[in-house]
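First up is the structure itself, then whatever we jot down about it.
Protein chains: 2
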Amino acid sequence: MKKPADFMKKAIDLSHEHMTAGHGGPFGAVIVKDGKIISEGWNQVLSTNDPTAHAEVQAIRKASQNLGCFDLSGAEIYTSCEPCPMCLAAIYWARLDKIYYANTRKDAADIDFDDDFIYQEVPKPIEQRKITMTQISHDEALKVFKAWTAKGDRTLY
Amino acid sequence: MKKPADFMKKAIDLSHEHMTAGHGGPFGAVIVKDGKIISEGWNQVLSTNDPTAHAEVQAIRKASQNLGCFDLSGAEIYTSCEPCPMCLAAIYWARLDKIYYANTRKDAADIDFDDDFIYQEVPKPIEQRKITMTQISHDEALKVFKAWTAKGDRTLY
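Residue numbers (our numbering), protein chains in the order written: chain A, 11 to 167; chain B, 11 to 167.
Right, dumping it as structure tokens:
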């Protein structure tokens, strides 16, 4: 029976291996269900030119493809670093049960990644964020939300 | 010369069209650079079984593929709904200049999406979140961060 430290070792090994190969930053993750690894992810921001290709997001994408389902309830994620807000929110959307992490957002800040900065930005009121956010066309957009509510066959997620 | 309301109309049209087609929730987005749309995104959570396939994330992925670059500085995103924390953080990672949005996170909550709930969770101290987070194997993971710092040819992003 594998232990949490065994699964985390795999996540850390992925982080090292793919960092060395130049695929992206030093981040790896695995998703585990029923005691088995169902997907592996590593940072691919550099190799794919995709700023969303963080280890956890990649692992979630692969796990949902492997299971054929956007709901990963009953599974756990092991990530070599505390998830950034993008990855944390992705974990909530994927309904993962538990997060094991090793390095922290402060460790990531120490090696010049923006995780901690983005954690400070997300909870701010819209008008106080570094990025400008402007609301327009609310009435037109709200009509589509009302059409969604009126739609008989919608799937909630 | 197109105006912000024209670009937002496209984002809203995408949200309606793809919701109707059953691809996912009622969310659309476009990314604009130098007055032209460089990518379109819509929610594809249902059609792709990918919980990370939100409109903004999809638009960012396509824009970075189209430009061959993970850095979208100089571009703006028009999204039919205020970005959820995953999409907001993705926008920061992509270095987009500005966000135009139409519906709000409260409107999304009113039609049963979890955006507002996740906004409440992200800033909480780790031990107070609904999802359990456990730190293990810190020493082993920190060695990889130190190896990243020592790496001569790393690209910062």
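Where a beta carbon is used, it is the ideal one built from N, C-alpha and C, also for glycine.
Only a predicted model underlies this, so the values are computations on that prediction, with no experimental measurement involved.
| said: Can you tell me where the alpha helix (DSSP H) holding Asn-53 of chain B begins and where it ends? | reply: As a position in the second sequence, residue 53 of chain B is number 43, starting the count at 1. Careful: Asn-53 of chain B lies outside any alpha helix (DSSP H) and carries neither H nor E.
| query | For Ala-104 of chain B, which residues of its own chain have a beta-carbon under 6 angstroms away from its beta-carbon, when the five flanking residues on both sides are left out? | reply | Counting from one through the second sequence, the residue named residue 104 of chain B turns up at place 94. Answer for Ala-104 of chain B: Ile-70 and Leu-82, listed in chain order.
| said: I need the DSSP call for Lys-108 of chain B, collapsed to helix, strand or coil. | reply: One-based indexing of the second sequence puts residue 108 of chain B at position 98. Strand at Lys-108 of chain B.
| request: Using a Cβ-Cβ cut-off of less than 9 angstroms, list which residues of the stretch 58 to 78 of chain A approach chain B; keep chain order. | output: Thr-58, Asn-59, Asp-60, Pro-61, Thr-62, Ala-63, His-64, Val-67, Ile-70, Arg-71, Ser-74, Gln-75, Leu-77 and Gly-78
| message | By the three-class DSSP mapping on this structure, what secondary structure does Glu-41 of chain B have? | response | For the purposes of this step, residue 41 of chain B is identified with residue 31 of the second sequence, where counting begins at 1. The displayed chain sequence assigns Ile, not Glu, to residue 41 of chain B. Here Ile-41 of chain B sits in strand by DSSP.
| request: Could you tell me whether the Cβ of Asp-126 of chain B comes closer than 8 angstroms to any Cβ of chain A? | output: Numbered from 1 along the second sequence, position 116 holds the residue referred to as residue 126 of chain B. Output row for Asp-126 of chain B: interface = no.
| Helix, strand or coil at Met-29 of chain A [DSSP, three-state] | On the first sequence, residue 29 of chain A is found 19 positions in, with the first residue counted as 1. Looking at Met-29 of chain A - three-state DSSP - the assignment turns out to be helix.
| message | Run through the DSSP bridge pairs and tell me what Ala-100 of chain B is partnered with. | response | Residue mapping note: residue 100 of chain B aligns to position 90 of the second sequence, counting from 1. Paired residues: none, contrary to the question.
| task | Inspect the beta-carbon positions of Pro-36 of chain B and Tyr-110 of chain B and report whether they are closer than 8 angstroms. | result | In the second sequence, counting from the first residue as 1, residue 36 of chain B sits at position 26. In the second sequence, counting from the first residue as 1, residue 110 of chain B sits at position 100. Going by C-beta atoms, Pro-36 of chain B is not nearer than 8 angstroms to Tyr-110 of chain B.
| field | For Met-11 of chain B, three-class secondary structure by DSSP | value | For the purposes of this step, residue 11 of chain B is taken as the residue at position 1 of the second sequence. It is coil, neither helix nor strand.
| query | Just curious, the beta strand (DSSP E) that Ile-87 of chain B is in, first and last residue? | reply | Reading the second sequence from its first residue, position 77 is the one you call residue 87 of chain B. Counting along the chain, the beta strand (DSSP E) containing Ile-87 of chain B begins and ends at 85 to 91.
| task | Keeping to the same chain, check which residues put their C-beta closer than 6 angstroms to that of Val-132 of chain B; ignore five residues upstream and five downstream. | result | Here residue 132 of chain B refers to the residue found at position 122 of the second sequence. So the list reads Pro-95, once near-sequence residues are dropped.
| query | From what residue to what residue does the alpha helix (DSSP H) around Gln-75 of chain A run? | reply | Start at 1 with the first residue of the first sequence, and residue 75 of chain A comes out as number 65. Where Gln-75 of chain A is concerned, the enclosing alpha helix (DSSP H) stretches over 65 to 77.
| So which residues of chain B does Met-143 of chain A contact, with C-beta pairs closer than 7 angstroms? | Numbered from its first residue, the first sequence carries residue 143 of chain A at position 133. Those within 7 angstroms of Met-143 of chain A in chain B are Ile-109 and Tyr-111.
| message | Buried or exposed for Glu-27 of chain B, going by 16 or more other Cβ atoms inside 10 Å? | response | Taking the second sequence and counting its residues from 1, the one referred to as residue 27 of chain B is at position 17. With fewer than 16 other Cβ atoms within 10 Å, it is exposed.
| To which residues of the same chain is Ala-73 of chain B closer than 7 angstroms at the C-beta, ignoring the five residues directly before and after it? | Locating residue 73 of chain B in the second sequence gives position 63, where the first residue counts as 1. Excluding sequence neighbours, Ala-73 of chain B sits near Ile-41, Ile-48, Ser-49, Leu-82 and Ala-85.
| query | What residues match up with Lys-46 of chain A in a beta bridge as DSSP calls it? | reply | Within the first sequence, the letter at position 36 stands for residue 46 of chain A. Note: Lys-46 of chain A sits in a beta bridge opposite A:Lys-43.
| message | Going by DSSP in three states, Thr-142 of chain A sits in which element: helix, strand or coil? | response | Along the first sequence, read from residue 1 onward, the residue named residue 142 of chain A stands at position 132. Correct three-state label for Thr-142 of chain A: strand.
| request: Could you list which residues in chain B have their beta carbon closer than 8 angstroms to that of Ser-25 of chain A, in chain order? | output: The residue labelled residue 25 of chain A in the question sits at position 15 within the first sequence. Simply Ala-151 and Val-154.
| How would you list, in chain order, the residues of chain B whose beta-carbon sits under 7 angstroms from the beta-carbon of Pro-14 of chain A? | One-based indexing of the first sequence puts residue 14 of chain A at position 4. By Cβ distance, chain B contributes Ile-146.
| said: Under 8 angstroms: do the stretch 118 to 132 of chain A and the stretch 149 to 163 of chain A share three or more Cβ pairs, one atom per stretch? | reply: no
| request: Can you grab the Cα-Cα spacing for the pair Leu-98 of chain B / Lys-116 of chain A, in whole Å? | output: On the second sequence, residue 98 of chain B is found 88 positions in, with the first residue counted as 1. On the first sequence, residue 116 of chain A is found 106 positions in, with the first residue counted as 1. Distance between the alpha carbons of Leu-98 of chain B and Lys-116 of chain A: 20 angstroms.
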